[in-house]
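Q:
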Amino acid sequence: MDRFISIPVDATGLIPDQQVVSAVRDAMNEPYEFTDIFIYAHGWWTNANASMSEYSKALIEFGKTVHYLPQGSITQPPARSFGVGVHWPSTLSEDAQSLPQLFQPFTFYQMEKRGDTVGYNAMYALTQLMYQARFTVAPPRPFRLTLLGHSFGCRVICRGIHRLYDEISKPGTSPDFKNFVLELKINVVLLQAAFEGVDLDDNQRYANLKLFPQLRMLVTHSDEDVALRKWFPIAETINILSSEPGNRQALGYAGPTAATAQAYQPKSISIDSGYAPQASQTALLSPPNRMLVADLTPLHQTDDYAGDVLSGHHSDVFQPEIYRLIAQFAFN
Numbered sequence: 000m001d002r003f004i005s006i007p008v009d010a011t012g013l014i015p016d017q018q019v020v021s022a023v024r025d026a027m028n029e030p031y032e033f034t035d036i037f038i039y040a041h042g043w044w045t046n047a048n049a050s051m052s053e054y055s056k057a058l059i060e061f062g063k064t065v066h067y068l069p070q071g072s073i074t075q076p077p078a079r080s081f082g083v084g085v086h087w088p089s090t091l092s093e094d095a096q097s098l099p100q101l102f103q104p105f106t107f108y109q110m111e112k113r114g115d116t117v118g119y120n121a122m123y124a125l126t127q128l129m130y131q132a133r134f135t136v137a138p139p140r141p142f143r144l145t146l147l148g149h150s151f152g153c154r155v156i157c158r159g160i161h162r163l164y165d166e167i168s169k170p171g172t173s174p175d176f177k178n179f180v181l182e183l184k185i186n187v188v189l190l191q192a193a194f195e196g197v198d199l200d201d202n203q204r205y206a207n208l209k210l211f212p213q214l215r216m217l218v219t220h221s222d223e224d225v226a227l228r229k230w231f232p233i234a235e236t237i238n239i240l241s242s243e244p245g246n247r248q249a250l251g252y253a254g255p256t257a258a259t260a261q262a263y264q265p266k267s268i269s270i271d272s273g274y275a276p277q278a279s280q281t282a283l284l285s286p287p288n289r290m291l292v293a294d295l296t297p298l299h300q301t302d303d304y305a306g307d308v309l310s311g312h313h314s315d316v317f318q319p320e321i322y323r324l325i326a327q328f329a330f331n
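Dropping the structure here:
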């Protein structure tokens with residue numbers, strides 16, 4: 000990663016520091032010629048210190064992993080890249096030892112909705128700003144956007160992109176700008192997504208994602224993810240607005256629905272310990288397939304990650320095998 004910044008946002012999804020916004024706008028123009036933009040969104044129960052630690056760890060290890068991939072295993076590596084880590088308030092307190100943190104387990108529904116709010120405001124604003132800043136250059140210079148989310152962070156990125164389509168489709172939007180956005184490649188990486196599989200279906204929360212012609216998606220799921228397999232359905236029972244409390248299935252556990260599969264034509268892959276792309280291997284995803292569904296169960300059953308009784312392997316995503324998978328998906 001050539002450049003990386005972290006952007007804090009508040010609970011409403013607003014970016015308090017407008018100097019950071021200006022920095023993002025400046026990064027899209029000269030003298031920077033970034034070919035790849037990466038945006039990261041963490042999940043629930045992650046304070047600022049933890050998010051910076053996660054982002055730093057992932058960036059260093061991902062870069063090292065990509066560097067040592069067999070020659071020819073990726074055909075379109077980033078030439079110059081810019082990374083943005085979004086920190087959103089997914090805890091009751093930034094102090095992990097404070098009294099309010101004792102009530103953190105009861106904030107599932109609150110933080111779930113906050114993830115959508117942050118996506119609707121902050122993630123949309125960032126992506127729209129990036130596209131608009133690059134579009135104003137004559138001639139407009141394309142770039143590849145890769146969005147990575149973990150757990151509730153998947154809600155953040157999906158909600159932002161869903162709104163982006165709504166906004167560029169409004170009357171009065173420049174047709175040239177709309178076409179510019181729709182013609183650029185978007186990689187969406189959903190690591191153990193903590194939202195319902197049906198949310199990607201027609202007329203659902205993130206239905207607009209399939210309307211981006213160049214958008215492709217990597218979805219991971221695992222039987223060893225106790226948080227999504229066991230607690231995600233149970234947590235819905237406290238949602239008094241749910242029509243079927245306790246019956247929903249998370250995308251990061253059950254995978255895509257039949258309706259989503261029809262729209263994205265997914266391909267499936269199983270990731271075991273030691274997984275690595277080969278130099279002669281063909282691209283994992285090519286038209287008409289737009290979704291790669293990766294089963295991490297074999298990896299989670301054999302790696303050294305110490306899962307706990309509450310979450311299991313829900314956060315078991317900082318692995319070289321997963322970094323290789325992301326690189327192979329995004330850079331071919």
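Counting from 1, position 69 in the sequence shown corresponds to residue 68 in numbering that gives the first Met the number 0; the numbering is continuous, with no gaps. Glycine included, C-beta positions come from ideal geometry on N, C-alpha and C. Computed from a predicted model, the values in this text were never measured in an experiment.
Cutting at 7 Å between CB atoms, please list the residues of its own chain near V117, excluding the five before and the five after it.
A: V8, G12, W87 and V155
Q: Compare the C-alpha of H312 against each of W230, T256, P276 and A326 and name the closest.
A: W230
Q: By DSSP's criteria, T219 is part of a beta bridge. Which residues make up the other side?
A: A293
Q: What do you get for L98, buried or exposed, if any count of 16 or more other CB atoms within 10 angstroms of its CB means buried?
A: Any reading at L98 needs caution, since the residue's pLDDT is 49, under 50, leaving its predicted position unreliable; the model's value is listed next. Exposed is the call here.
Q: In or out: L309 buried (at least 16 other Cβ within 10 Å) or exposed?
A: exposed
Q: Can you name the residues that DSSP bridges to S177?
A: Correcting the residue type first, residue 177 is Lys in the shown sequence and not Ser. Per DSSP, none; premise fails for K177.
Q: According to DSSP, simplified to helix, strand and coil, what is V8?
A: V8: coil per DSSP, three-state reduction.
Q: Comparing C-alpha positions only, which one of H41, T106, V23 and E195 sits nearest to F33?
A: V23
Q: Between V83, D201, I36 and A10, which has its C-alpha nearest P255's C-alpha?
A: D201
Q: Here's a check: name, in chain order, each residue in its chain whose Cβ is nearer than 7 Å to the Cβ of V316, leaving out the five neighbours to either side.
A: Answer for V316: H149, L190 and Q191, listed in chain order.
Q: On a CA-only basis, which of S52, Q131, A260 and P286 is nearest M27? Give me that one, please.
A: Q131
Q: Count the other CB atoms, across all protein chains shown, that sit within 10 Å of the CB of R2; report buried if there are 16 or more and exposed otherwise.
A: exposed
Q: Taking the alpha helix (DSSP H) that G251 belongs to, which residues open and close that run?
A: Counted as a single uninterrupted DSSP element, the alpha helix (DSSP H) harbouring G251 occupies residues L250 to A253.
Q: From T281 to R228, what does the alpha carbon distance come to, in whole angstroms?
A: 33 Å
Q: Pull the bridge partners of G148 from the DSSP assignment, please.
A: According to DSSP, which records beta bridges pairwise, G148 is partnered with A40 and L189.
Q: Please report the straight-line C-alpha distance between V83 and I268, rounded to a whole angstrom.
A: 28 Å
Q: Could you give the residue range of the beta strand (DSSP E) that holds V85?
A: S80 to H86
Q: Per DSSP, R2 forms a beta bridge with which residues?
A: F81.
Q: Contact between the region 323-330 and the region 58-69 is defined here as three or more beta-carbon pairs at a separation below 8 Å; is this criterion met?
A: Yes, the region 323-330 touches the region 58-69.
Q: Using three-state DSSP, classify I156 as helix, strand or coil.
A: helix
Q: How would you label I36, buried or exposed, when you count the other beta carbons within 10 angstroms and need 16 or more for buried?
A: buried
Q: Which one or two residues does DSSP pair with S269 in a beta bridge?
A: D294
Q: According to the Cβ coordinates, are N186 and L146 closer than 8 Å?
A: Contact: yes.
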